[in-house]
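For reference, the structure is listed below as structure tokens.
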Amino acid sequence: MKIAVIGQAAFGKDVLNALVNNEENVVAVLCPPDIPGRSVDPTKSAALEHQIEVFQYKRMRDKDAITEFLSLNIDLCVMAFVTDIVPDEILEAPSSGTIQYHPS
Numbered sequence: 002m003k004i005a006v007i008g009q010a011a012f013g014k015d016v017l018n019a020l021v022n023n024e025e026n027v028v029a030v031l032c033p034p035d036i037p038g039r040s041v042d043p044t045k046s047a048a049l050e051h052q053i054e055v056f057q058y059k060r061m062r063d064k065d066a067i068t069e070f071l072s073l074n075i076d077l078c079v080m081a082f083v084t085d086i087v088p089d090e091i092l093e094a095p096s097s098g099t100i101q102y103h104p105s
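Residue numbering for the sequence shown is 2 to 105, as defined by the numbering used here.
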């Protein structure tokens, strides 16, 4: 099963690491773009450590973000600490659906 994680910050990193440690097939991480003068997002850092491809978009509603996500043919999308509006085209694309994971 091909999994994509959309997330950021420490929470997104923890969710990504849990999936990887469980030997799930995470093939992509989508997170906000780097901000000059700030540390690299922990979710991005974890993805790079695990050699997982990272995609960074300012807005998930951008045509490029949607097109690239659809081209991945993801089976399951896991969202962890997402502060952007994710369009239906992305939410409905994975064959097994999308999970919104919230820490509360």
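By construction, the Cβ of each residue, glycine as well, lies at the ideal position given by its N, Cα and C atoms. What you are looking at is a predicted structure, and each value in this text was computed from that prediction instead of being measured.
In this structure residue 61 does not touch residue 76 by the C-beta definition: roughly 19 Å separates them, more than the 8 Å allowed. If you check the CB distance, residue 28 and residue 3 come in under 8 Å. Boundaries for residue 22: no beta strand (DSSP E) harbours it, while the alpha helix (DSSP H) harbouring it runs 10 to 22, taken from the DSSP string.
Taking the Cα positions, residue 103 is about 21 Å away from residue 59. Within the DSSP secondary-structure output, residue 31 pairs in a beta bridge with 7, 56.
With a threshold of 16 other beta carbon atoms within 10 Å, residue 89 falls short and is exposed. Rounded to the nearest whole angstrom, the CA to CA distance from residue 74 to residue 66 is 13 Å.
Per the DSSP secondary-structure output, residue 79 pairs in a beta bridge with 6, 100.
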